[in-house]
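Contents: one structure, followed by commentary.
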């Protein structure tokens, strides 16, 4: 941006650029005519003029840099003729490193405060809180190391810059200090590993234990380029699916020979109750996708042929989060975080965390997957139950 | 004193072959199908630089898209045609740019361009060999690489464009031509190109290992090798052991794509209606095979840069590298550990969580040798007498980047934290600093430092300074803000951040990053001009311009076939005797026998040589008694 403003003001130079480009433009114009683009009436901007302009600007800059280089050279030579010291580049570089260190430290500080305030708010899920603690602990341990090592690096460069009168200190090794800085990081890392290992296990090994009230089961299925949701009906169970049954009307391939699938609900928005454990069953139909809900610190890949699941417990409703962030239109979002094709960047699903009562009210309004159209197709409505199921299954398989 | 000198018999016979006959060299045998390691190194370097420039231009193209997602650039359409209709990048082509940028940078620039150049140049020169173990295979290695480069680039000229599933080419996306345009012909070319590339890399690697093991000059035992050689040697071993696994993965992928097998495919329905016949495969299998190479690969990229930086920092600090043995052992540690950490790329694939835990432990262990190396570099600079040559600046930049990028590795290596950071810009920032910028700085340091050895001329130092500062600052400006984007949950490989309300706040940062990237990219012309100008018009180099100890600086400036006229010099000491107290100059070449430097010898020099130590002590005692007599 800086460059652009600098150059825009110089009208004379742009005039020069146009002048210089006349020749090349004619060349290119001939080329396009030969290609047979006679039909176009208005001359279309092909951007070559702009490019030429910038290239010319660049050459001008190069020219100036060249002049500065020559000035230095002449200065050096005159100094030598006068019998004085030529420019001491070691001092210049040493000083530049010191300046870089100070400017860099300020830049890091600025980035931490400015960009740091733009990062995700504290987690809206139970396990997310643990992850946040771990993240800040790790940051607390590593950032001092980062700052101190960089300070040492650049101050050493300044302090020990070349001096013809001095010699380096011959120090091939020092076993004590080497042991110290092998063991110290090892200890710190061991602490982080133990902390991380148990947190990881507790988050990922979260199968419903016996006797525990089952969490809410939600199927989320990725395909190019959208997510499909499936909620359990009154029976609290998700019916079986079979990818061979997928077609235009049965887009998740529900297997209607399984009675549990009759009341499975479809939904456009992922509405979940607050403070209740949710189990996302993650599927993919075509390529690998990844369910990523940054505010909940939830991420797991959707792999075709290998269902995965992630259990989490939201602790802040959408309304609470809106108030917290002071953004009245805030929504939690599921995004796809594994490259999956051209529209990978636009695979969105809204997540709304609500109270239990709101959730139940919402759930009651959702439509089952077994639509009338599907019933008709599978001859569900009119025929006796037993025979239709068999036939329906066969029909579905034939599809 | 006999133990201190080495007799030169045995080397003499060999010399007759080389000294007397000059076989006629044609243009083709000298510059094209050359079997001389120095020429092959130059070929690798120039091809590598060309590929780097191409990949850099690709990155600028997609950076422009990220900064101005809603703006049309007529020039884009002029240059890219159907890939940028109405002057805006096509979203599939955006992914192709990302993919090919990654592939070229990781494999063609930082593997072949880096290892290929400096292993070829330095292994024979620094261990004291006339050439590689198999010069012919060496030549083939370059030409397979060249062929791979041509095939990779040719994919820009096919109807549906190049491969675009990311440089990791995860199936099923890469396996099914219907999944995205780039998975058609473009992917086929990618796979063919990689097979040639791997063949090239293997031939190179076998050569490097056998040359280092078998062709060291007299006196050059393993513990007298410069760290560059250690790094190249271990890198080659890594490559030999891991690249074949990628071939296996790639071949199975070719089978899935072309012959209807289902190694990686299972239960797939395309477009919501087309049920595919694949059953029983696992996409995760490919990821295991890929990362079994993929992770060692990042060390294949960084270890040569580490070796080069260690050497350059020691030379220009006028100080021995601190903790030479620790440096070697940490390289070995990294080599071994790098084979058992690949799973940290797969924490959130749905892989068994226990496995994730195990990979987390191994991953964080590998941080220890990396930390040791960093501290040793700092200790090398401490109380040095630092000369800021352009090469030295880049070596320092490498250390700075390695620290900055390495630190964030501790976050990503932690499986629990990875849940929220996986595949976000935090990862992009991490690896671009720690293996991208750091490795390319190692490579540039090597180019500036060994340019006199390669071309017999010097590069312009001041242009080097300009190049360094613009690139160094540029790289930090580009990658530092990306950490925070990642912490905000911004995913990588997104064509535009316009679709999600939460990501729009990063648009200004993206514009800033893009302009920083353009500045850094433009700064590379300073290097390119300097490089090509100096090849022809640079100041003539002296034999040992940096006053370094290693063997390559004893070879004449003019390249000769066989590297040294007469005998190959024998080696008597380690390569880091800089600023030794008692010595006349602040460096002592490896070829100087200890018997000639009695004043500066230390007990340290005789660590594995008890008879030598005895002699040394005897000499010291005599000196002392002489003093007393006086």
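Residue numbers (my numbering), protein chains in the order written: chain A, 1 to 399; chain B, 400 to 1029. The beta-carbon is built from N, C-alpha and C at its ideal position, and this holds for glycine as well.
Buried or exposed by the 16-neighbour rule on C-beta atoms within 10 Å, applied to residue 163(A) | Position 163 of the first chain holds residue 163(A). Exposed: under 16 other Cβ atoms inside 10 Å.
Going by CA-CA distance only, name the one from 859(B), 578(B), 762(B) that's closest to residue 790(B).
-> The residue labelled residue 790(B) in the question sits at position 391 within the second chain. It is 859(B).
C-beta atoms of residue 337(A) and residue 898(B) nearer than 8 Å = Working through the first chain from its first residue, we reach residue 337(A) at position 337. Working through the second chain from its first residue, we reach residue 898(B) at position 499. Taking 8 Å as the Cβ cut-off, residue 337(A) and residue 898(B) do not qualify as a contacting pair.
Quick one: does residue 85(A) have its CB under 8 Å from some CB of chain B?
-> On the first chain, residue 85(A) is found 85 positions in, with the first residue counted as 1. Judged by the 8 Å Cβ criterion, residue 85(A) is not in contact with chain B.
Which ranges does the beta strand (DSSP E) cover as unbroken runs of at least 3 residues, wholly within the region 239-315 of chain A, from first to last along the chain?
-> 265-267, 270-273, 278-284, 289-293, 298-302, 308-312
The beta strand (DSSP E) enclosing residue 227(A), as first and last residue numbers = Here residue 227(A) corresponds to residue number 227 of the first chain, with the count starting at 1. Note, residue 227(A): beta strand (DSSP E), 226-231.
Are residue 305(A) and residue 666(B) touching if we call contact CB-CB under 8 Å?
-> Position 305 of the first chain, counting from 1, holds the residue named residue 305(A). Position 267 of the second chain, counting from 1, holds the residue named residue 666(B). Yes, the pair counts as a contact, with Cβ atoms nearer than the cut-off.
Take the Cβ of residue 187(A) as the centre, count every other Cβ of all protein chains shown within 10 Å, and call the residue buried at 16 or more, exposed below.
-> Your numbering for residue 187(A) matches position 187 in the first chain. Classification for residue 187(A): exposed.
Comparing the C-beta of residue 960(B) with each C-beta of chain A, is any distance below 8 Å?
-> Position 561 of the second chain holds residue 960(B). With 8 Å as the cut-off, residue 960(B) does not count as an interface residue toward chain A.
Mind checking residue 923(B): buried by the 16 CB within 10 Å criterion, or exposed?
-> Position 524 of the second chain, counting from 1, holds the residue named residue 923(B). Classification for residue 923(B): buried.
When the Cα atoms are used, what is the spatial distance from residue 472(B) to residue 491(B)?
-> Numbered from its first residue, the second chain carries residue 472(B) at position 73. Numbered from its first residue, the second chain carries residue 491(B) at position 92. Their Cα atoms are separated by approximately 17 Å.
Below-8 Å beta-carbon distance, residue 824(B) vs any chain A residue = What you label residue 824(B) is simply residue 425 of the second chain in a count that begins at 1. For residue 824(B), the answer is no, since every Cβ of chain A falls outside 8 Å of its Cβ.
Does the region 884-896 of chain B come close enough to the region 904-919 of chain B that 3 or more CB-CB pairs lie under 8 Å?
-> yes
Which first and last residues belong to the alpha helix (DSSP H) in which residue 1010(B) is found?
-> Translated into positions along the second chain, residue 1010(B) becomes position 611. Counting along the chain, the alpha helix (DSSP H) containing residue 1010(B) begins and ends at 1009-1028.
Would you report the Cα separation of residue 969(B) and residue 612(B), rounded to the nearest angstrom?
-> If you number the second chain from 1, residue 969(B) lands on position 570. If you number the second chain from 1, residue 612(B) lands on position 213. Rounded to the nearest angstrom, the two C-alpha atoms are 16 Å apart.
Going along chain B, which residues have a C-beta under 8 Å from residue 96(A)?
-> Numbered from 1 along the first chain, position 96 holds the residue referred to as residue 96(A). Going along chain B in sequence order, the residues near residue 96(A) (Cβ under 8 Å) are 868.
In three-state terms, what does DSSP make of residue 856(B)?
-> In the second chain, counting from the first residue as 1, residue 856(B) sits at position 457. The answer is strand: DSSP assigns residue 856(B) an E or B state.
Every unbroken beta strand (DSSP E) inside the region 69-153 of chain A [3 residues or more] = none
Exposed unless 16 or more other CB atoms sit within 10 angstroms - verdict on residue 75(A) | Translated into the one-based positions of the first chain, residue 75(A) becomes position 75. By the 10 Å Cβ count, residue 75(A) comes out exposed.
How long is the line joining the alpha carbons of residue 850(B) and residue 437(B), rounded to whole angstroms?
-> Numbered from its first residue, the second chain carries residue 850(B) at position 451. Numbered from its first residue, the second chain carries residue 437(B) at position 38. About 12 Å.
Compare the C-beta of residue 140(A) with all C-beta atoms of chain B and state if any pair is closer than 8 Å.
-> Reading the first chain from its first residue, position 140 is the one you call residue 140(A). Residue 140(A) does not count as touching chain B.
Going along the chain, which residues of its own chain have a beta-carbon closer than 7 Å to the beta-carbon of residue 917(B), five neighbours each way excluded?
-> Taking the first residue of the second chain as position 1, residue 917(B) is located at position 518. Hits under 7 Å: 459.
Uninterrupted beta strand (DSSP E) stretches inside the region 928-994 of chain B (no shorter than 3 residues) = none
Selection of the region 976-988 of chain B by Cβ proximity to chain A, strictly under 7 Å | 977, 978, 979, 980, 985
Along the chain, where does the beta strand (DSSP E) that runs through residue 352(A) open and close?
-> Here the question's residue 352(A) lines up with position 352 in the first chain. From DSSP, the beta strand (DSSP E) with residue 352(A) extends over 349-354.
Count the other CB atoms within 10 Å of the CB of residue 110(A); is the residue buried (16 or more) or exposed (fewer)?
-> Position 110 of the first chain, counted from the start, is the residue given in the question as residue 110(A). It counts as exposed.
Check whether the Cβ of residue 816(B) lies closer than 8 Å to any Cβ atom in chain A.
-> Here residue 816(B) refers to the residue found at position 417 of the second chain. By this cut-off, residue 816(B) is an interface position.
Any beta strand (DSSP E) of 3 or more consecutive residues that is wholly inside the region 737-821 of chain B | none
When we look at the beta-carbon of residue 235(A) and count the other beta-carbons within 10 Å, is it buried (16 or more) or exposed?
-> Mapped onto the first chain, residue 235(A) falls at position 235. Burial call: exposed.
Cβ shell of residue 63(A) (< 8 Å), same chain only, five flanking positions each side left out = Position 63 of the first chain holds residue 63(A). Once the five neighbours on either side are set aside, residue 63(A) has no close Cβ partner at all.
Might you give, ordered along the chain, the residues of its own chain that have their beta carbon closer than 6 Å to the beta carbon of residue 547(B), omitting 5 neighbours on each side?
-> Reading the second chain from its first residue, position 148 is the one you call residue 547(B). Correct list, in chain order: 592, 595, 596.
Own chain partners of residue 990(B) with C-beta closer than 8 Å, once the 5 adjacent residues on each side are dropped = Counting from 1 along the second chain, the entry for residue 990(B) is found at position 591. Only 950, 953, 968, 969, 970, 971 meet the Cβ criterion.
Count the other C-beta atoms from every protein chain shown that fall within 10 angstroms of the C-beta of residue 82(A), then say buried if there are 16 or more, exposed otherwise.
-> Residue mapping note: residue 82(A) aligns to position 82 of the first chain, counting from 1. With fewer than 16 other Cβ atoms within 10 Å, it is exposed.
Does the beta carbon of residue 898(B) come closer than 8 Å to any beta carbon on chain A?
-> Taking the second chain and counting its residues from 1, one reaches residue 898(B) at position 499. Chain A contact via Cβ: present.
Should residue 50(A) and residue 478(B) be called a contact, given that it needs their Cβ atoms to be closer than 8 Å?
-> In the first chain, the residue the question calls residue 50(A) occupies position 50. In the second chain, the residue the question calls residue 478(B) occupies position 79. No, the Cβ-Cβ distance between residue 50(A) and residue 478(B) is not below 8 Å.
Beta-ladder partner(s) of residue 222(A), from DSSP | Counting from 1 along the first chain, the entry for residue 222(A) is found at position 222. DSSP, once it has assigned bridges, lists 227(A), 284(A) as partnering residue 222(A).
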